[in-house]
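In what follows, a single structure is set out as structure tokens and then discussed.
Residue numbers (this note's numbering): 5 to 228.
Written out as structure tokens, the structure is:
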């Protein structure tokens, strides 16, 4: 997660608390103090760098054992030189560089996690496409088989009207089953949906076969 933006005052208060407790002031340590707020690492780093720059103190230069006037003059010059050369900010600069390194590691970790998630989504999409194609092929084969078998049986008796009615019923049932299985596949995105659709389709086939057998029995009774 990207995290929430925090203010300089919030980061400074957290850093001062860590410093007062004798703990190392880092991006991770400061972020942990925000708890569930999940502060954005980039925001923490930006304000932490500003806090270090504002709290850095010039390096104290010891005054050597020299004549008082000379020692005072040299001491003043050394103090001013330290301020002008930024010697007092060296520690803050090194810590900021460490913070940048930590931040880059976090970014690399988040990037790796994102790539893994994208790869998983791509595999899931390929599986859904494959299952959809297999289900469509199986539905077409079953439809052709049912229609062909019904036509062969009823053509012997010359009951064209019954064949037309049964074929229309088969096509309606197949269309309804197809719509149901497609909706289930879209909703569930799993093989369980395809298996359930297959079982329902098998039950419908069994029912139609029973109707065909009944029709056959009626024909025989009529002959008798």
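Just so you know, even glycine gets a beta-carbon here, dropped at the ideal spot from N, CA and C. Model, not experiment: these values are computed from the prediction.
Item                                                                                                                         : Value
Alpha-carbon to alpha-carbon, residue 125 and residue 17                                                                     : 42 Å
Test item: CB-CB of residue 27 and residue 33 under 8 Å                                                                      : yes
Sheet register partners of residue 8 (DSSP bridge)                                                                           : 43
Alpha-carbon spacing of residue 99 relative to residue 138, whole angstroms                                                  : 59 Å
Residue 109 vs residue 47 beta-carbon contact at 8 Å                                                                         : no
Status (buried if at least 16 other CB within 10 Å, exposed otherwise) for residue 103                                       : buried
Buried versus exposed, by CB contacts within 10 Å (16 or more), residue 58                                                   : exposed
C-alpha gap between residue 31 and residue 52, whole angstroms                                                               : 8 Å
Residue 161 beta carbon less than 8 Å from that of residue 213                                                               : no
Residue 38 - DSSP class collapsed to helix/strand/coil                                                                       : coil
CB of residue 208 within 8 Å of CB of residue 181, strictly                                                                  : yes
Option in 147, 206, 171, 136 with minimal Cα separation from residue 191                                                     : 136
Cα-Cα separation between residue 147 and residue 177, rounded to whole angstroms                                             : 10 Å
Neighbourhood of residue 172 by C-beta distance below 6 Å, restricted to the same chain and skipping five residues each side : none
Residue 23 and residue 29 closer than 8 Å at C-beta                                                                          : yes
Three-way DSSP call (helix, strand, coil) for residue 115 in this model                                                      : helix
Residue 143 burial status per 10 Å Cβ neighbour count (16 or more: buried)                                                   : buried
Inter-residue CB distance, residue 157 and residue 215 (contact presumed, cutoff 8 Å)                                        : In fact, because the Cβ distance is near 11 Å, the residues do not count as touching under 8 Å.
Buried versus exposed, by CB contacts within 10 Å (16 or more), residue 122                                                  : exposed
Whole-angstrom distance between residue 134 and residue 141, CA atom to CA atom                                              : 11 Å
Simplified DSSP assignment, three categories, for residue 210                                                                : helix
Spatial distance of residue 49 from residue 203 (CA atoms)                                                                   : 58 Å
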